[in-house]
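Counting along the sequence shown from 1, when you hit position 38 you're at 37 in numbering that gives the first Met the number 0, and nothing is skipped either side. In this text, a Cβ means the ideal position worked out from N, Cα and C, and glycines have one as well. See below for the structure under consideration.
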Amino acid sequence: MKTALFITDCSVDSALSVRNWLSAHSHQPVRLTVVLPYDIDEGQSLDKATLKSTRSEAGTRLKNWSALLGDTNPGCVMTETLLANPELAISMHLLIRRYDYWLVEDWSLVANATLSAILNQPNLQTLPLSINPASVPVMV
């Protein structure tokens with residue numbers, strides 16, 4: 000089974016894009032890991048209570064977002080939250096775990112110099128999440 004990584008901001012658009020991508024690839028089973036990076040508010044101290052409430056809020060957002068995916072194969076989508084910014088979440092996942100695909104909605108992350116070495120793994124294929132090819136930049 001192929002594996003894929005998607006970093007979400009829990010927007011409705013991203014849920015619809017993932018749902019469309021999963022239906023378009025239903026002929027080949029893919030185990031998708033969806034990660035919601037979250038952070039505490041600026042100026043807020045990092046303590047147990049703050050971390051617990053922030054993690055709980057992120058978990059609720061991700062659960063609601065997952066419900067928008069509709070009926071998917073139960074083992075097909077795994078979700079998790081991570082206290083990190085999106086770049087760090089991508090870096091951590093791509094360095095620690097092996098994925099066949101990285102689903103991209105925000106193409107500015109692909110051009111990120113910090114991530115470029117990680118993204119050049121020979122076994123990783125970066126795929127546009129967009130169905131509209133006009134919205135995908137040409138990479139030279």
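CA-to-CA, the gap between ILE117 and ARG97 works out to about 12 Å. Check the Cα spacing between LEU82 and each of LEU67, LEU94, VAL34 and THR59: the tightest is with VAL34. ARG30 sits in a strand when the DSSP states are folded into three classes. If you draw a straight line from the Cα of SER22 to the Cα of GLU41, it is about 39 Å long.
Taking C-alpha positions only, ILE39 is separated from ARG60 by approximately 15 Å.
Just so you know, the alpha carbons of VAL29 and THR2 end up roughly 5 Å apart. Annotated three-state conformation of ILE39 is coil, per DSSP.
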